[in-house]
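*Asks:* Quick one: this structure, given as structure tokens, is what I'll be asking you about.
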Amino acid sequence: MSGGITFVDTLAPRAYSALPGHLRGLGGTEATLARIAGSLAPHTRVTVRQTARQGPEAIFGGVHYGQFDIKRPLPEAPEVIVVVNSWKVAQKLARLNPGSRVVVWQHVFPGRHNRALAPGLRRAGVEVVCVSAAQAEWLRGFLGSDAPAINYIHNPIADDLVPDNTPRDPDLLLFASSPHKGLAQVFRRFNVLKDRMPSLRLAVADPGYLCWPTGPVPSGVIPLGRLDQRGLIGWMRRALCLFYPQDHFAETFGLVIAEANAVGCPALLHRGLGANDEVASDRGQCIDTGDPESIAARIADWRDVIGLRPLATARPEFRLSHVAGQWAALLRSTTANQPRTQAMQD
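Under the numbering used here, the letters of the sequence shown match residues -17 to 328, in that order.
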């Protein structure tokens, strides 16, 4: 059988699928891949190949999951191959599968060593799909004239992720990311804020895929450990806001921000950092988090309007139905002749 699309993930620490519990402890990259694969499966053959997967091929939700062998052409002979983050693997697959279109799905900011790989991507006709306009613009500038074709498609949130009647706790803040994403700085700024508002608590949900030093843990911190998706969304429904006052780690998208906004939970974010301004559903969520006065004022503003108006809303362009349509459009489109930075359109 030939045609369809194959996603190749050589970087996930373990095999996964969209089945309940399979994504626990993994990040937004794996969750996004599983969602997109499942959304495309009713319309075309979809295969997910993972270096970490052992055993025979399996089918979950119409998606074929199998092992990956970098030394051999893909047996399903897909029309399109989408490689998660690895530029070296993409170039190898382009050589081994000359009849397939190869795309790098870039979920992270690449390192300086990737500059040397960019001309090879361009010569091989490999494209790059970023997860935000901010990331795509940065990557185009980073690579300069050696850049291959660059597009972006946002990460998706579920169509049915909406607010409910859960009451918000004006004293509860939430950090829901890996600790390397600025948690040490968040702790320090929470400590300062707590001097002004002693009743505040900070719940910390850690997916658990990376150990990272965070310094002293302030009083009022509630460690939640690793949560499944349903549990995490439950905390987003209760919290006053996602609390991310840090300027050390730039998100290429920020799936937890989009998901929190979808259930009415705003995010306190640093203005101009990564994709924060692009993903937040309103500008008021992005401030100068280096200013303790601004942090305290924004928290006070949100506390004052609980129950009077929504604190945040979903961005419709992030809904899975819309994003899946953009991926379908990518499959229908032809390889770009010149590098570009634009959104894929339906």
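Ideal Cβ positions, reconstructed from N, Cα and C, are used throughout, including at glycine. These numbers were taken from a predicted model, which means no experiment stands behind them.
Hey, V186 and I215: beta-carbon distance below 8 Å or not?
*Replies:* As a position in the sequence shown, residue 186 is number 204, starting the count at 1. As a position in the sequence shown, residue 215 is number 233, starting the count at 1. Going by C-beta atoms, V186 is not nearer than 8 Å to I215.
*Asks:* Give me the Cα-Cα distance between S127 and V85, rounded to the nearest whole angstrom.
*Replies:* Residue numbering aside, residue 127 sits at position 145 when the sequence shown is read from its first letter. Residue numbering aside, residue 85 sits at position 103 when the sequence shown is read from its first letter. Using only the alpha carbons, I get a separation of about 19 Å.
*Asks:* Output yes if chain D places a C-beta closer than 8 Å to the C-beta of G190; else output no.
*Replies:* Although the question refers to chain D, the structure presented lacks it and comprises just one protein chain.
*Asks:* Which stretch, first to last residue, makes up the beta strand (DSSP E) that contains L250?
*Replies:* Within the sequence shown, the letter at position 268 stands for residue 250. L250 -> beta strand (DSSP E) spans 249 to 252.
*Asks:* Could you check whether the stretch 245 to 253 touches the stretch 304 to 312, counting it as contact only if at least three pairs of C-beta atoms, one from each stretch, sit closer than 8 Å?
*Replies:* With the cut-off at 8 Å, the stretch 245 to 253 and the stretch 304 to 312 do not touch.
*Asks:* In angstroms, rounded to a whole number, what distance separates the CA positions of S82 and P101?
*Replies:* Within the sequence shown, residue 82 is the residue found at index 100, counting from 1. Within the sequence shown, residue 101 is the residue found at index 119, counting from 1. S82 and P101: Cα-Cα distance of roughly 19 Å.
*Asks:* L(-7): which of E58, I(-13), V90, V45 sits nearest, CA to CA?
*Replies:* Along the sequence shown, read from residue 1 onward, the residue named residue -7 stands at position 11. Minimum Cα distance to L(-7) is reached at V90.
*Asks:* Using the Cα positions of D177 and S315, report the straight-line distance between them to the nearest angstrom.
*Replies:* Against the sequence shown, residue 177 aligns to sequence position 195. Against the sequence shown, residue 315 aligns to sequence position 333. For D177 and S315, the distance between alpha carbons rounds to 55 Å.
*Asks:* Considering only residues of the same chain and omitting the five flanking positions on each side of P292, which have a CB-CB separation below 6 Å?
*Replies:* Start at 1 with the first residue of the sequence shown, and residue 292 comes out as number 310. Within the same chain, P292 has close Cβ partners G246.
*Asks:* Kindly indicate the opening and closing residues of the alpha helix (DSSP H) around R31.
*Replies:* Position 49 of the sequence shown, counted from the start, is the residue given in the question as residue 31. Unbroken run through R31 is the beta strand (DSSP E), 28 to 32; no alpha helix (DSSP H).
*Asks:* Considering only the beta carbon of each residue, do V28 and G(-15) sit closer than 8 Å?
*Replies:* Position 46 of the sequence shown, counting from 1, holds the residue named residue 28. Position 3 of the sequence shown, counting from 1, holds the residue named residue -15. In this structure, G(-15) does not lie closer than 8 Å to V28 by Cβ.
*Asks:* What does a CB cutoff of less than 8 Å around R54 pick up in its chain, not counting 5 residues either side in sequence?
*Replies:* The residue labelled residue 54 in the question sits at position 72 within the sequence shown. Counting only Cβ-Cβ distances below 8 Å, and skipping sequence neighbours, we find L78.
*Asks:* Leaving aside the five residues before and after K74 along the sequence, list all residues of the same chain whose C-beta is less than 7 Å from its C-beta, in chain order.
*Replies:* The sequence position of residue 74 within the sequence shown is 92, counting from 1. Excluding residues within five positions, the ones whose Cβ falls inside 7 Å are I52.
*Asks:* Can you find at least 3 beta carbon pairs, one from the stretch 218 to 236 and one from the stretch 138 to 157, that sit closer than 8 Å?
*Replies:* Verdict: yes, contact present.
*Asks:* Could you pull out every unbroken alpha helix (DSSP H) segment of at least 4 residues lying fully inside the stretch 107 to 189, listed in chain order?
*Replies:* With a minimum length of 4 residues, the continuous alpha helix (DSSP H) runs that stay inside the stretch 107 to 189 are 115 to 125, 165 to 178.
*Asks:* What does DSSP give as the partner residue(s) for P205 in the beta ladder?
*Replies:* Here residue 205 corresponds to residue number 223 of the sequence shown, with the count starting at 1. Per DSSP, V186.
*Asks:* Any idea what DSSP makes of I281, helix, strand or coil?
*Replies:* Against the sequence shown, residue 281 aligns to sequence position 299. Correct three-state label for I281: helix.
*Asks:* How many Å lie between S(-1) and Q211 at the Cα?
*Replies:* If you number the sequence shown from 1, residue -1 lands on position 17. If you number the sequence shown from 1, residue 211 lands on position 229. Answer to the nearest angstrom: the Cα atoms are 14 Å apart.
*Asks:* Hey, V65 and V(-10) are a contact pair by Cβ (cut 8 Å); roughly how many whole angstroms apart?
*Replies:* As a first step, residue 65 is located in the sequence shown; it is residue number 83 there, counting from the start. As a first step, residue -10 is located in the sequence shown; it is residue number 8 there, counting from the start. Confirmed, about 5 Å.
*Asks:* Quick check on Q267: does DSSP put it in helix, strand or coil?
*Replies:* By one-based count along the sequence shown, residue 267 stands at place 285. Q267 falls in the helix class under three-state DSSP.
*Asks:* Which residue from S21, W69, P138, E58 puts its Cα closest to that of A296?
*Replies:* Here residue 296 refers to the residue found at position 314 of the sequence shown. Here the closest residue by C-alpha is P138.
*Asks:* Whose C-alpha, out of P92, N258, A240, A244, is nearest the C-alpha of P145?
*Replies:* Start at 1 with the first residue of the sequence shown, and residue 145 comes out as number 163. Among P92, N258, A240, A244, the Cα nearest to that of P145 belongs to A244.
*Asks:* CA-CA distance, C268 and A262?
*Replies:* Numbered from 1 along the sequence shown, position 286 holds the residue referred to as residue 268. Numbered from 1 along the sequence shown, position 280 holds the residue referred to as residue 262. If you take the alpha carbons of C268 and A262, they lie about 8 Å apart.
*Asks:* Tell me, to the nearest whole angstrom, how far the beta carbon of A257 is from that of A116; I am working on the premise that it is less than 8 Å.
*Replies:* For the purposes of this step, residue 257 is taken as the residue at position 275 of the sequence shown. For the purposes of this step, residue 116 is taken as the residue at position 134 of the sequence shown. Contact holds; Cβ gap of about 4 Å.
*Asks:* What residues match up with R46 in a beta bridge as DSSP calls it?
*Replies:* The sequence position of residue 46 within the sequence shown is 64, counting from 1. The amino acid at residue 46 is misidentified as Arg; the sequence shows His. In the DSSP output, where bridge partners are listed per residue, H46 has T29, I41.
*Asks:* Exposed or buried, H136, counting other C-beta atoms within 10 Å across all chains shown (16 or more means buried)?
*Replies:* Numbered from its first residue, the sequence shown carries residue 136 at position 154. The residue is buried, with at least 16 neighbouring Cβ atoms inside 10 Å.
*Asks:* Kindly indicate which three-state DSSP category L222 falls into: helix, strand or coil?
*Replies:* In the sequence shown, counting from the first residue as 1, residue 222 sits at position 240. DSSP places L222 in strand when its eight states are reduced to three.
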